[in-house]
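K.L.:
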Amino acid sequence: MRTHSGESVLARAVRIFEAFTPEEPNLTVSEIARRTGLHVATASRLVAELVSHGFLARDADRRARIGLRMWELVTRASPALSPRDAAMPFMEGVHDVVGHHVQLGVLDGDEVLFLERLSAPGAVINYTRIAGRLPLHASSSGLVLLAHGPADLRERLLVENSSPVPRCHSPG
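The sequence shown begins at 838 in our numbering and counts up one residue at a time.
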């Protein structure tokens, strides 16, 4: 079904799911509307519908979050489970030997999608998180995937990012 704007209801629901971030997993309807560009009434109606099916849930303060039904469906059909399960014994072995973070990432378009991470106390700070994404050039995993990925991907990213990548400067 398409709305008068030509956008499907499903496309709007996807925009709602994409509004949530690991840093902000709980949002008000107003925040969802602002992040998605939807009218508040439309966002409210769609959030209520998604809550009624368990895809979103409401906290005591009426903020919305991803619901258990979404987690259940994603886990049931996750394409990440097979590579994760296959890699886990090797990741555990590497983790035991090096004593630092070990992560599993896969190439997804121009990004690395992290499927699993084993952390180590006292190891260097690592900003990746499971189900998190980073541009290929922004992580060691991404650089490895880029180096061993398709040549046309490397060439395209080099052309698109021909300006120097800004350096991070430490404070002080």
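C-beta atoms are modelled at their ideal positions from N, C-alpha and C, and glycine is treated no differently. For clarity, every value in this text was computed on a predicted model and none was experimentally measured.
Quick one: what does DSSP say G930 is sitting in, helix, strand or coil?
P.N.:
G930 falls in the helix class under three-state DSSP.
K.L.:
So which of S881, D898, E844, V949 has the shortest CA-CA distance to S977?
P.N.:
Looking at the Cα atoms, V949 is the closest of the given residues.
K.L.:
Can a CB atom of chain B be found closer than 9 Å to the CB of E861?
P.N.:
Protein chain content of the structure displayed is limited to a single chain, and chain B is not contained in it.
K.L.:
At the level of alpha carbons, what is the spacing between L973 and L893?
P.N.:
Using only the alpha carbons, I get a separation of about 30 Å.
K.L.:
Whole angstroms are fine: how far does the CA of A850 sit from the CA of A870?
P.N.:
Roughly 11 Å between the two C-alpha positions.
K.L.:
Short check: CB of T929 to CB of L955, under 9 Å?
P.N.:
Residue identity check: residue 929 is Glu in the sequence provided, not Thr. Cβ distance < 9 Å, so E929 and L955 count as in contact.
K.L.:
Output the boundary residues of the beta strand (DSSP E) element that contains F857.
P.N.:
No beta strand (DSSP E) holds F857; DSSP gives it neither H nor E.
K.L.:
Roughly how many angstroms separate the alpha carbons of P859 and D989, rounded to a whole number?
P.N.:
So the alpha carbons of these two residues sit roughly 32 Å apart.
K.L.:
Among residues of its own chain, excluding the 5 on either side of R966, which ones have a beta-carbon nearer than 8 Å to its beta-carbon?
P.N.:
The residues are P859, F951, R954.
K.L.:
Measuring only the C-alpha atoms, how far is V888 from G936?
P.N.:
If you take the alpha carbons of V888 and G936, they lie about 42 Å apart.
K.L.:
DSSP on G843, reduced to helix/strand/coil?
P.N.:
In the structure shown, G843 sits in coil (DSSP, three-state: anything other than H, G, I, E or B).
K.L.:
Could you tell me the distance, in whole angstroms, from the CA atom of D933 to the CA atom of L918?
P.N.:
Approximately 22 Å, taken between the alpha carbons.
K.L.:
What runs of the beta strand (DSSP E), each 3 residues or longer, lie entirely inside the stretch 885-918?
P.N.:
Counting only runs of 3 or more, we get 893-895, 901-903.
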